[in-house]
Amino acid sequence: MLFSTQHAPSEEERSELFEAIGPLPLRGVAWPKWIKILACVILAFIGLMIVQVAAGPTGKTVSPMVAGSILFCFVALLVLARYMLISETRITHKGIEQTWITRREIAWEDIQFAKFIPLVASKRLVCFTGKGRPVVFQAGTRELQVAFARIALVYRRRK
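Shown next, in the form of structure tokens:
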């Protein structure tokens with residue numbers, strides 16, 4: 291589904307949004323602290339289980355290809371967890387950006403429709419551009435969550 295630019299908020303509406311959000315740039319962590327802690331605990335548990343199985347009698351019967359695949363997947367999870375721990379979301383006068391494995395960013399002019407999705411683990415803002423895939427941003431702080439809700443109200447679908 292495509293959204294036309296005629297439905298985008300006016301400059302005046304965008305200025306009111308910036309005032310409601312507060313002083314920009316607004317920056318905060320992308321993931322809540324409890325999610326980061328939970329991810330680290332789960333990774334530590336998985337790592338301990340890998341070491342325990344590898345050191346035991348079962349580890350000697352595991353195929354090297356299977357062991358390599360498991361280690362590769364564990365390293366991939368470690369990389370994802372690292373980016374989760376350091377990821378940051380910023381709202382500026384130019385748009386929204388988030389550090390991640392690849393940098394996510396979208397200019398205000400490119401947003402045609404935005405939806406705030408308040409999941410338990412992560413509060414998200416999904417921005418639709420009218421071309422290509424939507425861009426998803428996470429908010430790990432209360433300030434970012436409130437800003438995301440306000441952005442979604444201004445950029446709601448208009449008929």
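Each residue of the sequence shown is one higher than the last, beginning at 291 in my numbering.
Ideal Cβ placement from N, Cα and C applies to all residues, glycine included.
- Beyond the five residues adjoining it in sequence on each side, Phe308 comes within less than 8 Å, by CB distance, of Leu314, His383 in the same chain, given in chain order.
- Look at Thr419 here: in three-state DSSP terms it is coil, with no helix or strand label.
- Residue range 354-376 is occupied by the alpha helix (DSSP H) that includes Gly358.
- Residue environment: Trp324 is assigned as exposed (fewer than 16 neighbouring CB atoms within 10 Å of its CB, all protein chains considered).
- Here the stretch 392-399 does not lie against the stretch 343-351, with fewer than 3 beta-carbon pairs under 8 Å apart.
- Within its own chain, the residues whose Cβ lies closer than 7 Å to the Cβ of Trp390, once the five positions on either side in sequence are excluded, are Tyr373, Ser377, listed in chain order.
- Excluding five sequence positions before and after Gly337, the CB atoms of its chain that fall closer than 8 Å to its own CB belong to Phe364, given in chain order.
- Only residues of its own chain outside the window of five on either side were considered, and among them Glu395, Ile396, Ala397, Trp398 have a CB closer than 7 Å to the CB of Gly385, listed in chain order.
- Taking C-beta separations shorter than 6 Å and ignoring five residues to either side along the sequence, the partners of Ser412 in its chain run Gln428, following chain order.
- In the three-state scheme derived from DSSP, where H, G and I count as helix and E and B as strand, Lys413 is classed as strand.
- Collapsing the DSSP output to three states places Thr351 in a helix.
- The alpha-carbon separation between Arg446 and Lys405 amounts to approximately 7 Å.
- Comparing C-alpha distances from Leu370 to each of Trp321, Pro354, Ser359 shows the shortest one belongs to Trp321.
- Excluding sequence positions up to five before and after Leu367, its CB lies within less than 8 Å of the CB of Leu333, Ile336, all in the same chain and listed in chain order.
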